[in-house]
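In the order they appear, the protein sequences are chains A and B.
Going by the numbering used here, the residue at position 39 of the first sequence is 138; the numbering climbs one at a time, nothing skipped.
Going by the numbering used here, the residue at position 358 of the second sequence is 457; the numbering climbs one at a time, nothing skipped.
Every residue, glycine too, gets a C-beta built ideally from N, C-alpha and C.
Protein chains: 2
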Amino acid sequence: MVDVAMVGAGQTPYGTHPAAMKDMWADAVRSCFASIDGDLAPASVDEVFLGSTAFGGGQLGNTAAYLAEHAGMAGVPARRIENACASSGFALRDGWAAIASGRADVVVVGGVEKMNDLTPERKRYWLGVSGDTEWERLAGLTFPGTYALMARRHMHEHGSTHDDLVHISVKNHAHALDNPDAHLRKDVSFEKAASGMVIADPLTLYDCCPTSDGAAAVVLASADVARKLTDTPVWMRGSGAASDHLALHDRPSLTTLAATRSAASQAYAQSGITASDLDLVEVHDCFTVAELLATEDLGLTERGQGGVFARDGEGRRNEGRTTVNGSGGLKAKGHPLGATGAGQAVEVFKQLRGDAGPRQVRDAEVGLTHNVGGSGATCAVHVFGRSVE
Amino acid sequence: MVDVAMVGAGQTPYGTHPAAMKDMWADAVRSCFASIDGDLAPASVDEVFLGSTAFGGGQLGNTAAYLAEHAGMAGVPARRIENACASSGFALRDGWAAIASGRADVVVVGGVEKMNDLTPERKRYWLGVSGDTEWERLAGLTFPGTYALMARRHMHEHGSTHDDLVHISVKNHAHALDNPDAHLRKDVSFEKAASGMVIADPLTLYDCCPTSDGAAAVVLASADVARKLTDTPVWMRGSGAASDHLALHDRPSLTTLAATRSAASQAYAQSGITASDLDLVEVHDCFTVAELLATEDLGLTERGQGGVFARDGEGRRNEGRTTVNGSGGLKAKGHPLGATGAGQAVEVFKQLRGDAGPRQVRDAEVGLTHNVGGSGATCAVHVFGRSVE
């Protein structure tokens, strides 16, 4: 199996952009290639793996070839991977395999989403289809509702509180203040987040991520090529993935995502690390409770202790045990669905190269990305390191 | 690089089905696993690669996890790959890489499409988005129109005639008579096909494939696992893929698909064969002229000689030089977009195992699948053999 490394990474700012999807994607690719130490042109890559839900659905098909063409990669084999909000997490996994198999030397993995050109009704519809349709969406359950059920059940089983979620929100907003690419950059006090407008009880506005436009891309290379391009490659040490039942009622528990646990254990096994080796993690906090569950499911804390972990500030950048969402996370950095997984990898790339500026995690050696689709129906987890093993 | 083989393959009949997408998919998976000589359960596979355009767009997202669950593979990592009509051709390519990398031992690759629950207007829209939107679709150019331009130009440059296309139509309809899974099973005479209703001059109804519902699936395994499961694996000997500009006006020629030529040359190089070694090919004849171009672009005949190849019956099953679309092809077997590439692999599996019944190609040792997205913006070509090299 060929070793694989990230040698470049870039993204657009996340937010509400007037730019077209293709322009955002081209910007992310430009930024990505500009970050590569050596010489590499987009046209010379072997493959493109693009994650996108093509939100808004269908003004454009054949999206991968279309976007490859518009970023200087016409002719390069390209495919779109759609796994709801985990689309580019899976793109990362499959791009990795293309190189690990020996078929490709250099691939572009990225994602893009243009969410803010739809009406609120259409947005709700397009978000809803990533959950269970037959038992949940058509009965009126939206994603805030789905995660609210998980939050309420966690409180019931483990005594966590809404204040625990508020700690997560405040932390991620604070982290995003240092991230020029973040969608929401504002100082949010505990009092403000604790008294937000209720969206789906117990979740408030401050528990929910925004709907963002954005694009992100990384370049992966085989070990030989990576070492020629840079002295500081960021190695992909482990990849794990899993699926789960779409509908909550088909799962044995509402307070753990089986797909996260399975994906994480695969990624840890492959990389030979445990959760305690992680210096930073970018987790899929589409809602604050999703981060709470992720800290448990990834093994950063014991089952049931996610609330305590948050309350004790264990995820605070350079203060807690492990930096959790040092970028601001989905909550504050933003969540352009298909771009999110690739954007997490961009953050880890910058952190492990020491290029994260004011939000730099000290002595960052090992990082993890956790990208979830739907309410946990799909998950991809990747472990990255400054050293190859 | 680990050698990879198909060990099972199955599909639904193509046509207009009352069944839901998930039921068609489950049927295809059942049929696929029933074809495996040894014992293997869907739940025990390592990954699922599902090709689908999710035609109709968006009643369901997170399609891969949803369909994995409904076919006994809940928990298995699954992703949807969308590359217009080449979706499952690329799923095959990425499923192959998952095994070749050593990450997976057994994967399911398949595709599904439910086209016939939309109104004709919505169908036209959803088909149209796979071509160029800005310069073609929004100007009123549909796929029959796109391929009509290619046909007209080929006639101008190379002296081919509409009668040459009629030969292709008649051949594929004749082939489909022996295929119980074919959408259109009827004896079509030369006179009938030559006098069809004009759809986009010079193409008539008999030059166009139908819009089909259907699903197809294959199981790929690493060499070690494949040999335990069966004495007659069908080896994947080569995989090639490419993209191209979406809009015709950006391409140097209308009478060759650069993506096909590139994908084919990669697949030939990897497998160590040339076009003359092929006993059968399943090519992407969404329109008869697409088959004509494919016979040239795959090297079955010289550039410009596709009309002569058709006229001389060189693609007729067990009569011509190489059997072209012995299944009936997209023209008569049918074209359920995302399922088509996987369905082509199902046909090659049956042929190379000698299980194709009345449509068996004699002494079939080496076969090829050719799966195109849009009007040639994406293409995946695979070479299969009864022997591993």
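- DSSP places B:Phe154 in no beta strand (DSSP E); its state is neither H nor E.
- Just measuring C-alpha positions, the residue of B:Ala183, B:Asp204, B:Thr421 sitting nearest B:Lys327 is B:Asp204.
- A direct Cα-Cα distance of roughly 6 Å separates B:Ala476 from B:His344.
- At the C-beta level, A:Gly405 and A:Leu391 come within 7 Å of one another.
- Taking a Cβ-Cβ cut-off of 8 Å, the neighbours of B:Thr152 in chain A comprise Gly160, given in sequence order.
- Within the stretch 375-420 of chain B, the runs of beta strand (DSSP E) at least 3 residues long that lie entirely inside it are, in chain order, 379-381.
- Where A:Leu226 is concerned, the enclosing alpha helix (DSSP H) starts and stops at 219-227.
- When the five nearest sequence neighbours on each side are left out, the beta carbons in the same chain lying within less than 6 Å of the beta carbon of B:Gly425 are those of His274, Leu379, Arg416, Arg458, Val460, in order along the chain.
- Taking C-beta atoms as the reference points, B:Ser338 and A:Met100 fail to come closer than 7 Å.
- Take the alpha-carbon of A:Ala153 and the one of B:Leu356: they are about 26 Å apart.
- Using a Cβ-Cβ distance cut-off of 8 Å, the stretch 182-194 of chain B and the stretch 434-444 of chain B are in contact, since at least three pairs of beta carbons, one from each stretch, lie closer than that value.
- Nearest C-alpha to B:Thr421 among B:Pro435, B:Thr373, B:Gly137: B:Thr373.
- The beta carbon of B:Met100 sits closer than 7 Å to some beta carbon of chain A.
- Your pair B:Gly428 and B:Ser229 does not check out as a contact, with CB atoms roughly 19 Å apart and the cut at 8 Å.
- The beta-carbon distance between B:Pro309 and B:His282, rounded to whole angstroms, is 5 Å. This is short enough to meet the 8 Å contact definition.
- Between A:Pro301 and A:His253, the gap from beta carbon to beta carbon reaches 7 Å or more.
- By the CB criterion at 7 Å, A:Gly174 and B:Ala341 fall inside the cutoff.
- Any Cβ of chain A closer than 7 Å to the Cβ of B:Glu395 would place that residue at the interface, and such an atom is absent.
- About 5 Å separates the CB atoms of B:Leu319 and B:Val103; that is less than 8 Å, so the two are in contact.
- Assignment of B:Ser268 by DSSP, reduced to helix, strand and coil, places it in the helix class.
- Of the other Cβ atoms in all chains shown, fewer than 16 fall within 10 Å of the Cβ of A:Asp349; this residue is therefore exposed.
- Counting the other CB atoms within 10 Å of its CB gives B:Leu237 a total below 16, which places it among the exposed residues.
- Against chain A, the CB of B:Phe483 has no partner CB under 7 Å away; the residue lies outside that interface.
- Residue range 333-342 is occupied by the beta strand (DSSP E) that includes B:Ser338.
- One alpha carbon belongs to A:Thr394, the other to A:Ala363, and they sit about 11 Å apart.
- By the criterion of a C-beta distance shorter than 6 Å, B:Glu256 is surrounded in its chain by Thr354, once the five residues flanking it on both sides are discounted.
- Residues of chain B with a Cβ closer than 7 Å to the Cβ of A:Ala197 are, in chain order, Ala196.
- Scanning chain B for C-beta atoms nearer than 7 Å to the C-beta of A:Pro176 yields Ala340, Ala341, Ser342, reported in chain order.
- It is roughly 13 Å from the alpha-carbon of B:Thr359 to the alpha-carbon of B:Val482.
- Residues of chain B with a Cβ closer than 7 Å to the Cβ of A:Phe189 are, in chain order, Arg178.
- Going by C-alpha positions, B:Glu401 is about 21 Å away from B:Leu248.
- Not one beta carbon of chain A lies nearer than 7 Å to the beta carbon of B:Val324.
- With contacts defined by Cβ atoms closer than 7 Å, B:Pro435 and B:Tyr113 form a contacting pair.
- The C-alpha of A:Arg410 is placed about 46 Å away from the C-alpha of A:His169.
- The Cβ neighbour count for B:Val297, taken over all protein chains shown within 10 Å, is under 16; the residue is labelled exposed.
- By alpha-carbon distance to A:Val144, the top candidate from A:Ala346, A:Gly171, A:Glu488, A:Pro351 is A:Gly171.
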